[in-house]
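Q: Provided herewith is a single structure, encoded as structure tokens, for subsequent inquiry.
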Amino acid sequence: MRAELFRPTRLSFTMPHRRTILVAAAGGLSLPALGQFRVEISGVGATQIPVAVARFRDEAAAPQPVGAIVRADLERSGLIRPIDAPGDLDERSQPSMSEWRGRGADALVAGSVMRLADGRFDVRYKLWDVVKGADLGGQAYAVTAPDLRLAAHRIADAVYEKLTGEKGVFSTRICYVSKAANRYTLRVTDADGEGGQVALTSPEPIISPAWSPSGREIAYVSFESGKAVVWVQEVASGARKPIANFRGSNSAPAWSPDGQQLAVTLSREGGSQLHLMGRDGNNLRRLTQSSAIDTEPAFAPDGKSIFFVSDRGGSPQIYRMPLAGGAAERVTFNGSYNISPAVSPDGRLLAYINRSGNAFRVSTLDLATGAVQTLTDTSDDESPSFAPNGRLLIYATRAQGRDVLMTTTLDGKIKTRLLSSGADVREPVWGPFGR
Amino acid sequence: MTILSRKTLGMFLAATVLLAGCGSSVKLDDKAAPVESRTGSAVGPGGGAGAAGSSQSQVTSVDLTKSASDATLAKTIYFDFDSFVVKDEFKPIIEQYAKMLTADRKKRLVIEGHTDERGGREYNLALGQKRAESVQRALVLLGVTESQVEPVSFGEERPAAQGSDESAWAKNRRAELIQK
Chain A
41 MRAELFRPTR LSFTMPHRRT ILVAAAGGLS LPALGQFRVE ISGVGATQIP VAVARFRDEA
101 AAPQPVGAIV RADLERSGLI RPIDAPGDLD ERSQPSMSEW RGRGADALVA GSVMRLADGR
161 FDVRYKLWDV VKGADLGGQA YAVTAPDLRL AAHRIADAVY EKLTGEKGVF STRICYVSKA
221 ANRYTLRVTD ADGEGGQVAL TSPEPIISPA WSPSGREIAY VSFESGKAVV WVQEVASGAR
281 KPIANFRGSN SAPAWSPDGQ QLAVTLSREG GSQLHLMGRD GNNLRRLTQS SAIDTEPAFA
341 PDGKSIFFVS DRGGSPQIYR MPLAGGAAER VTFNGSYNIS PAVSPDGRLL AYINRSGNAF
401 RVSTLDLATG AVQTLTDTSD DESPSFAPNG RLLIYATRAQ GRDVLMTTTL DGKIKTRLLS
461 SGADVREPVW GPFGR
Chain B
-16 MTILSRKTLG MFLAATVLLA GCGSSVKLDD KAAPVESRTG SAVGPGGGAG AAGSSQSQVT
44 SVDLTKSASD ATLAKTIYFD FDSFVVKDEF KPIIEQYAKM LTADRKKRLV IEGHTDERGG
104 REYNLALGQK RAESVQRALV LLGVTESQVE PVSFGEERPA AQGSDESAWA KNRRAELIQK
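Below, the structure is given as structure tokens:
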């Protein structure tokens, strides 16, 4: 694939054919309000693959603009630069490779959406390698209307994987907390921030959501009983139960990689100390024995050690301790306030929030080399969380007076903003593969 | 004087006060007089004086004025930035609550710790917990039983004042004492 230098682009859906798609799609919908989605990208990657994504045949007549979703997904990855693809293409077309080379495309995606007699939709796509002039194949999906977005995301994943060799995360989901007036909601959306569904509504605060490794459950802290209690809720059914409701405060749930245990912060014996418990709340075992604040546990992906925040040294820093027993060792050394650890899926990188002056910023630490990088220039970042392919981070921050969710590539160069709703959004966590 | 006769004397004095207030004068002496009980059977001489604490005249006093003053107890203790030390100016509040809680061991208190909005949510939850536990310790030092008091935290999640300046932050760095 050719490498090209690009001017920085700021993209939104104001280009004519995209606007048309949005209007047409909105016309036929009975979906909840926020139909408009916007991918705002700032920064530029050094190497981006130019890919033409055509409007899918008949997508305007379907409840979701499948081609537009595929294009926006690929754009958000930071590795792909979408190119306009005018004309009437679908998966059966025989496009002229020289024509598309002339348009600057390295690859071309086209497809169709067809309503079936039983009310479902038949979604098909094909991918061409324009440089080699090769047909890379495609796929057909038969889905119900509620799963149309998922079909588009699966196509984006397949295209992304064929072009980059890496697993895409477009079919994954995120979870975050939204606050409006005196109501808190726990929301689950696609990784692009769309298709949102409410998992929990409460008049009292909800904090610290955590996906189980299977993606079937979310643990969180709810203040519904007048204090912090850890609950586990099944996403599909809404069935929920409290698993840590001891004297004092119960918070900061973190799932073990095998999904069988949770680490939590309890104050039942005074102070805030880490404990381990089975996924049903049984087999309670205390992990830390300090007179400091020990909180925000995060398992290493091999399940053998746990990262956490402690102010045992005087101010909050991130430590790692082996679960088999042994001393905790400090891992963050720059600055006097480092919190909210998140470990990359390959266990090599730690993302966290560093406070410098009055600014709280997403930073990464290479656990092998000790190299530290600050990823943002905003000043109110919180809750960094890795995508399951380890290539992106999601976090919450404040921009232009609003609380927003952002994704960033690990070099900090490509950032996208999710969600253009007016609500106060915070604490995003990225769900696992496997939907 | 034995305790028994002191008690009897006390009851007669109380009875005298009550009866005096009624406007009729009854001469009381410390000789037991026949008293008609509610069931109708007469109690013979010596019956009253002989039954310590089980006189049919007994009235146990309930003082609501004490509970009324509970409502006027200040409910909030404020803290300096990054601190969980109970400052001297709040010691009188601690003393009032300690007095109330030691007087009635059935009374329960929840202490809610809060922080201002600066910093991470979970770390602030733990800081709020420290503030609540600091107030609990101050109460325990004055004789309150630990199990009468539950310290909890809301971290930064329940601000008393909105705003991102020091005057709002100062109002949010607090512990609230809530009688249960």
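Taken in order, these protein sequences are the chains called A and B. According to this note's numbering, the first sequence is numbered sequentially starting from 41. According to this note's numbering, the second sequence is numbered sequentially starting from -16. Note that beta-carbon positions come from the ideal geometry of N, C-alpha and C, so glycine has one too.
If you follow the beta strand (DSSP E) that A/Tyr216 is in, where does it begin and where does it stop?
A: It spans 213 to 220 - the beta strand (DSSP E) in which A/Tyr216 sits, taken as one unbroken run.
Q: State buried or exposed for A/Asp197, treating a residue as buried only when at least 16 other CB atoms are found within 10 Å of its CB.
A: Classification for A/Asp197: buried.
Q: Per DSSP, A/His315 is paired with what?
A: Paired residues: A/Val304, A/Arg326.
Q: Ends of the alpha helix (DSSP H) at A/Glu7?
A: Coverage of chain A is limited to positions 41 through 475, which leaves residue 7 of chain A absent and any answer about it impossible.
Q: Does the contact criterion of 3 or more C-beta pairs under 8 Å hold for the stretch 333 to 349 of chain A versus the stretch 372 to 385 of chain A?
A: As far as the Cβ criterion goes, the stretch 333 to 349 of chain A touches the stretch 372 to 385 of chain A, which means the pair count is three or higher.
Q: Can you tell me whether A/Ala101 is buried or exposed, with buried defined as 16 or more other CB within 10 angstroms of its CB?
A: By the neighbour-count rule (16 or more Cβ atoms within 10 Å), A/Ala101 is not buried but exposed.
Q: Looking at chain B, which residues of the stretch 323 to 339 of chain A have a Cβ within less than 7 Å of any of its Cβ atoms?
A: Answer in chain order: Ile333, Thr335, Glu336.
Q: Taking only three categories from DSSP, how would you classify B/Leu108?
A: In the structure shown, B/Leu108 sits in a helix (DSSP, three-state: H, G or I).
Q: Any Cβ of chain A within less than 8 Å of the Cβ of B/Pro75?
A: No, because no Cβ of chain A sits closer than 8 Å to the Cβ of B/Pro75.
Q: Check for me: the alpha helix (DSSP H) holding A/Asp197 runs from which residue to which?
A: Here the alpha helix (DSSP H) through A/Asp197 covers 188 to 204.
Q: In three-state terms, what does DSSP make of B/Asn155?
A: Helix, per DSSP.
Q: Measuring CB atoms only, is the stretch 147 to 160 of chain A touching the stretch 231 to 238 of chain A, in the sense that at least three cross pairs come out at less than 8 Å?
A: The stretch 147 to 160 of chain A vs the stretch 231 to 238 of chain A: no contact.
Q: Compute the distance between the beta-carbons of B/Glu133 and A/Gly118, then report whether it is under 8 Å.
A: In this structure, A/Gly118 does not lie closer than 8 Å to B/Glu133 by Cβ.
Q: Can at least three beta-carbon pairs, one atom from the stretch 368 to 377 of chain A and one from the stretch 388 to 396 of chain A, be found at a separation below 8 Å?
A: Contact holds: three or more Cβ-Cβ distances are below 8 Å.
Q: Would A/Lys166 be called buried (16 or more neighbouring beta carbons within 10 Å of its own) or exposed?
A: Answer is buried; the Cβ neighbour count reaches 16.
Q: Could you tell me the boundaries of the alpha helix (DSSP H) in which B/Gln79 lies?
A: Counting along the chain, the alpha helix (DSSP H) containing B/Gln79 begins and ends at 74 to 86.
Q: Quickly, what does DSSP pair A/Phe348 with across the bridge? List them, please.
A: Its beta-bridge partners are A/Tyr359.
Q: Counting only the same chain and skipping the five closest in sequence on each side, list residues whose C-beta sits under 7 Å from that of A/Asp443.
A: Within the same chain, A/Asp443 has close Cβ partners Ala436, Asp464, Val465, Arg466.
Q: How should A/Ser218 be labelled, buried or exposed, when 16 other C-beta atoms within 10 angstroms of its C-beta is the threshold for buried?
A: Its Cβ being crowded by 16 or more others within 10 Å, A/Ser218 is buried.
Q: Are the beta-carbon atoms of A/Ser330 and A/Pro293 separated by less than 8 Å?
A: Not a contact, by the Cβ cut-off of 8 Å.
Q: Please give the ranges of any alpha helix (DSSP H) in the stretch 361 to 424 of chain A, keeping only runs that are unbroken, at least 4 residues long and fully inside the region.
A: Runs found: none.
Q: So A/Glu336 is in the beta strand (DSSP E); what residue range does that whole segment cover?
A: 334 to 339 is the extent of the beta strand (DSSP E) around A/Glu336.
Q: According to DSSP, simplified to helix, strand and coil, what is A/Leu458?
A: Strand at A/Leu458.
Q: Beta-carbon of A/Gly452 versus every beta-carbon of chain B: anything under 8 Å?
A: No, A/Gly452 does not count as interfacial toward chain B.
Q: Name, please, each residue of chain A whose Cβ falls closer than 9 Å to the Cβ of B/Gly146.
A: Chain A residues near B/Gly146: none, gap ~14 Å exceeds 9 Å.
Q: Could one say the Cβ of A/Ser248 lies closer than 8 Å to chain B's Cβ atoms, at least one of them?
A: With 8 Å as the cut-off, A/Ser248 counts as an interface residue toward chain B.
Q: In the DSSP assignment, find the beta strand (DSSP E) that holds A/Ser262 and state where it starts and stops.
A: Unbroken beta strand (DSSP E) run through A/Ser262: 257 to 262.
Q: How is B/Arg141 classed by DSSP in three states: helix, strand or coil?
A: In the structure shown, B/Arg141 sits in coil (DSSP, three-state: anything other than H, G, I, E or B).
Q: Of the choices A/Ala180, A/Pro122, A/Phe400, A/Lys453, whose alpha-carbon is the least far from that of A/Val91?
A: Considering only alpha carbons, the answer is A/Pro122.
Q: Which complete alpha helix (DSSP H) runs does the stretch 119 to 168 of chain A hold, if anything under 4 residues is left out?
A: Runs found: 137 to 142.
Q: At a Cβ threshold of 8 Å, is B/Arg157 touching chain A?
A: Chain A, which has no Cβ nearer than 8 Å to the Cβ of B/Arg157, makes this no.
Q: Residue range of the beta strand (DSSP E) that B/Arg91 falls in?
A: Looking at the DSSP string, B/Arg91 is not in any beta strand (DSSP E), and its letter there is neither H nor E.
Q: Would A/Gln273 and A/Ala250 qualify as a contact pair, given that the criterion is a beta-carbon distance under 8 Å?
A: No, they are not a contact pair.
Q: Might you give, ordered along the chain, the residues of its own chain that have their beta carbon closer than 7 Å to the beta carbon of B/Arg91, omitting 5 neighbours on each side?
A: So the qualifying residues of the chain are Gln131, Lys163.
Q: Strictly by DSSP, which residues pair up with A/Phe426?
A: Paired residue(s): A/Leu433.
Q: Take A/Arg213 as the anchor and find which of A/Leu203, A/Tyr200, A/His193 has the nearest alpha-carbon.
A: Looking at the Cα atoms, A/His193 is the closest of the given residues.
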